[in-house]
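**Student:** In UniProt numbering, the protein residues as written are 1 to 422. Ideal placement from N, C-alpha and C gives every residue a C-beta, glycine not left out. Structure provided below as structure tokens; questions to follow.
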Amino acid sequence: MKSIKNIYGCSWLNVLLLLTPVAWWAHFDGRLSHSAVFALCFLAIIPHECLFDYCGEQMALYLGKDFGDLVTITLNNAIEVTLAIMLLIKCELKLLQSTITGVVLLHLLLVPGAAFMIGGAQIWEQDLHPVHNQLNHTLLTVGVLALLLPASFYAAISGSTATPMSTNGDLPNLGNSTQHDFLNMSRGLAVLLLLIYISSRIFYHNPPGAGNNSMTHSLTPAELKAYEEKLQREEPEVNQWVCICFLSVNIAMLAVTSQWLVDSIEPVRHVSGITSEFFGLVLLPFAAFSADGAVAAGYFAKKAFRRVWSKTKAPETPNTLAKAEAIDLSIQFVLLWMPFLTLLGWWTGKPFNLLFDFFEVALLLGACFLVNFVTADNKTNWAEGFILLSFYAMMIVCTWYYTGESNVSSLVLCPGQPATSA
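Structure (structure tokens):
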């Protein structure tokens with residue numbers, strides 16, 4: 001009972017769990033509008049992110065730092081992965097591509113940008129883990145370049161002299177044979193991306209040579225070593241078996257709620273006039289970020305209130321260790337979950353491929369370049385955080401007016417599915 005009490009009491013946002021049965025009722029009742037169902041499901045998903053975060057942190061205390069980090073990262077991606085699987089099952093493949101892009105951009109720009117800006121507000125600069133940061137640059141780059149290859153291939157064959165342009169100047173629809181080629185190409189890339197991710201995790205967990213783990217490496221910041229030592233001394237608040245059972249139930253509830261959310265997207269999109277690209281690139285990724293954003297807003301409001309009413313209290317020592325875990329989430333999503341979705345589509349007969357819109361690929365390349373440049377010196381500050389946030393805002397502005405590429409979209413349609421405009 002104590003474990004269950006600790007789980008439900010881990011965040012004030014857990015009160016939104018009461019919206020889960022309400023959202024299910026609204027879906028089956030049919031009297032409420034699709035917009036209301038979408039809003040209820042969206043809000044009901046928020047507390048699940050808090051529960052995944054807390055349970056991941058508790059499981060990390062049982063598994064140790066290295067495997068605990070992997071479990072925490074995986075659980076933090078749980079909502080995005082669940083939404084993506086539901087989109088795949090519903091054969092919303094173009095929306096799925098946009099959502100993958102939006103999730104990666106959110107974890108590359110918005111989340112670390114906010115963390116760098118807030119964390120560096122009272123200190124000149126913060127440190128990043130140098131060993132992990134160097135490999136992360138390469139992993140992120142190769143994941144984004146893997147999406148550049150199909151887009152470049154499509155541009156090359158579309159612009160060749162052997163393939164005539166359409167009368168309106170658009171790139172031509174290259175037909176079923178080309179779709180089959182892109183499917184085979186994407187499945188090969190997916191397998192290679194999975195191998196890259198597996199090899200990187202092996203390197204993280206068992207680096208070659210003596211004295212090269214994160215606790216003893218000479219380049220590891222002292223505050224990170226102190227944090228890892230603190231984790232080793234910390235006692236878990238939840239029994240591991242209770243945590244595992246609770247995670248299973250939470251995933252099942254999240255899957256059902258996500259299904260109702262996905263079912264309401266198309267009617268809401270037609271009523272509101274919002275493009276599917278804006279839904280995927282901006283709105284759906286916010287379902288996962290809303291919990292962290294609400295918790296952060298509540299924390300800093302509470303902190304500001306205490307500072308105003310407790311002026312005699314000594315100021316807190318600023319943390320010199322930057323919070324960049326969101327970049328790890330992006331890397332896992334690109335190298336693990338995106339290939340997994342490609343192979344899952346193969347196994348379930350859904351023609352999901354890695355031919356993304358050129359606009360989406362350009363956004364990912366720009367974000368990858370900017371993040372790698374910002375973190376190249378293993379240090380961050382609030383100004384660099386503001387730059388990341390500003391680029392994310394630029395992306396939102398441009399996405400609002402973007403309607404997608406119809407020719408590329410025609411290559412990610414399920415059999416018998418009509419082409420739809422944004």
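1) Got a sec? Which residues, its chain only, sit under 6 Å from Asn76 by beta carbon, not counting five neighbours each side?
2) Please go through the same chain and pick out, in chain order, the residues whose beta-carbon is closer than 8 Å to the beta-carbon of Val262, but skip the five residues on each side of it.
3) Under the three-state reduction of DSSP, which class applies to Thr257: helix, strand or coil?
4) Does the region 363-381 come close enough to the region 103-118 that 3 or more CB-CB pairs lie under 8 Å?
5) Using a threshold of 9 Å, state whether the C-beta atoms of Thr348 and His137 are closer than that.
6) Would you identify the three-state DSSP class for Lys94, choosing helix, strand or coil?
7) Tell me whether Ala326 is buried or exposed, calling it buried when 16 or more other Cβ atoms sit within 10 Å of its Cβ.
8) Looking only at its chain, what residues have a beta carbon closer than 8 Å to the beta carbon of Thr141, apart from the 5 residues adjacent to it on each side?
9) Which residues bound the alpha helix (DSSP H) around Met86?
10) Flag this pair as touching only if the region 42-50 and the region 6-20 have three or more C-beta atom pairs under 8 Å; answer yes or no.
11) Look at the alpha carbon of Ser276 and the alpha carbon of Lys2, and state the distance between them as a whole number of angstroms.
12) On the CB-based measure, 16 or more other CB atoms within 10 Å of its CB, does Lys5 come out buried or exposed?
13) By a C-beta neighbour count over all protein chains shown, 10 Å radius and 16 as the cutoff for buried, is Asp53 buried or exposed?
14) Once you ignore the five residues that flank Leu32 on each side, which residues in its own chain have a CB closer than 7 Å to its CB?
15) Based on Cα-Cα distance, which residue from Phe391, Leu411, Tyr401 and Ser406 lies nearest to Pro112?
16) Check whether the region 180-194 and the region 351-365 are in contact - that is, three or more C-beta pairs closer than 8 Å.
17) Using CA coordinates, which residue listed in Ala60, Thr74 and Leu95 is at the minimum distance from Glu405?
18) Which term fits Asp29, buried or exposed, when burial requires 16 or more other beta carbons within 10 angstroms of its beta carbon?
19) Could you tell me whether the Cβ atoms of Thr257 and Cys41 are closer together than 9 Å?
20) How would you call Glu80, buried or exposed, if buried means at least 16 neighbouring beta carbons within 10 angstroms?
21) Look up Asn239 in the DSSP assignment and say whether it is helix, strand or coil.
22) Could you tell me how far apart the beta carbons of Val342 and Ala151 are, in whole angstroms, since I believe they sit closer than 8 Å?
23) Is it true that the CB of Leu194 sits closer than 9 Å to the CB of Leu336?
24) Round the Cβ separation of Gly280 and Gly102 to the nearest angstrom and send it over; I've been treating them as touching at under 8 Å.
25) In whole angstroms, give me the CA-to-CA distance for Val104 and Val334.
26) Quick one: measure Cβ to Cβ for Glu360 and Gln179, integer angstroms, because I've assumed they're closer than 8 Å.
27) Going by C-alpha distance, which of His34, Met338, Val397 and Asn250 is nearest His270?
28) Cys245 and Met59 look like a contact to me (Cβ under 8 Å); what is the Cβ gap, rounded to whole Å?
29) For Ser272, I'd like the list of residues in its chain whose CB is within less than 8 Å of its CB, leaving aside the five on either flank, ordered along the chain.
30) According to DSSP, is Pro112 helix, strand or coil?
31) Kindly indicate which residue of Asp377, Ile7, Glu125 and Glu57 has the alpha-carbon position closest to the one of Thr72.
32) For Leu247 and Ala155, I'd like the C-alpha separation in whole angstroms.
33) Taking 9 Å as the threshold (C-beta atoms), are Ala44 and Ala78 in contact?
34) What's the gap between the Cα of Ala255 and the Cα of Val249?
35) How many Å lie between Leu147 and Met338 at the Cα?
36) Could you have a look at Tyr401 and say whether DSSP puts it in helix, strand or coil?
**Tutor:** Taking the geometry as given:
1) Leu329
2) Leu83, Met86, Leu87, Lys90 and Glu92
3) helix
4) yes
5) For Thr348 and His137, no; Cβs fall outside 9 Å.
6) In the structure shown, Lys94 falls within a helical segment according to DSSP collapsed to helix, strand and coil.
7) Label assigned to Ala326: buried.
8) A distance below 8 Å between beta-carbons, with the five flanking residues on each side excluded, links Thr141 to the following residues of its chain, in chain order: Cys368 and Asn372.
9) Ala78 to Ile89
10) yes
11) 44 Å
12) Burial call: exposed.
13) buried
14) Ala26
15) Phe391
16) Short answer: they touch.
17) Leu95
18) exposed
19) With contacts defined by Cβ atoms closer than 9 Å, Thr257 and Cys41 form a contacting pair.
20) buried
21) coil
22) A small fix is needed here, since residue 342 is Thr in this sequence, not Val. Contact doesn't hold; Cβ gap of about 15 Å is too wide.
23) yes
24) 5 Å
25) 7 Å
26) So it is not a contact: roughly 18 Å between Cβ atoms.
27) His34
28) That belief does not hold up - the Cβ atoms of Cys245 and Met59 are roughly 12 Å apart, past 8 Å.
29) Ser35
30) helix
31) Glu57
32) Using only the alpha carbons, I get a separation of about 44 Å.
33) no
34) 10 Å
35) 10 Å
36) coil
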